[in-house]
Amino acid sequence: MLWLKSFHIIFVVCWFAGLFYLPRIFVNLATVEDAATRERLIMMARKLYRFVTPFAWLSVVFGVWLWMGYGFRGGWLHAKLALVVLLLGYHHACGSLLKKFEQNRSTRSHVWFRVFNEVPVVLLFAIVFLVVLKPF
6 MLWLKSFHII FVVCWFAGLF YLPRIFVNLA TVEDAATRER LIMMARKLYR
56 FVTPFAWLSV VFGVWLWMGY GFRGGWLHAK LALVVLLLGY HHACGSLLKK
106 FEQNRSTRSH VWFRVFNEVP VVLLFAIVFL VVLKPF
């Protein structure tokens, strides 16, 4: 079971690395005016999104596998799972925002993307505290 937990943590770290960086690319896309730079940033964002999406699913798969193996119970787990669902929604939102940039239909400001960039940080704090402290 420690192997499962190790892989789960590794995939979560990789997924979060992408979720921390992808919105930073969006901040730059919201301010760039040069077409060549814009295309390069879109290419980077597209590749990063495609790279981290499997980590999201592997995180979920190994998390479910852990839950089945350990049989975790309690309110903390329900709260964590709710936050993971929000995180998956955030990941999906990143994909939608990327499509808007690809179609040159993004209307959000760089300030909005700077705030949007903080969402996974808040979710990470909450999830780690729930898993470690198990308050419920």
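Going by the working numbering, the first residue of the sequence shown is number 6, and it counts up by one from there. C-beta: ideal position from N, C-alpha, C; glycine also. Every value quoted in this text rests on a predicted model; they were computed, and no experiment measured them.
Nearest neighbour of residue i, chosen from the options [CA to CA]
| i | options | result |
| --- | --- | --- |
| W20 | R51, L63, L9, I30 | L63 |
| V66 | Y95, F134, F12 | F12 |
| V127 | V37, R110, A98, L91 | L91 |
| K52 | L88, G23, N109 | G23 |
| G79 | L102, D39, K10, L135 | L135 |
| L71 | I14, V57, V133, F141 | I14 |
| G94 | E107, M48, T58, A40 | T58 |
Expected contact under 8 Å - CB spacing of residue i and residue j to nearest Å
| i | j | result |
| --- | --- | --- |
| H130 | F31 | Note on identity: in this sequence residue 130 is Phe, with His being the wrong assignment. Not quite, the Cβ-Cβ distance comes to about 21 Å (not below 8 Å), so this is no contact. |
| F50 | L103 | Note that residue 50 is Ala in the sequence shown here, rather than Phe. Contact flag correct, Cβ pair sits at about 5 Å. |
Cβ-based burial, residue i [other Cβ within 10 Å; buried from 16]
| i | result |
| --- | --- |
| P125 | buried |
| K85 | buried |
Please confirm if the region 69 to 85 is in contact with the region 38 to 46, defined as three or more CB-CB distances below 8 Å between the two stretches.
no
Inter-stretch contact (C-beta, 8 Å, three-pair minimum) for the region 103 to 118 and the region 23 to 37
yes
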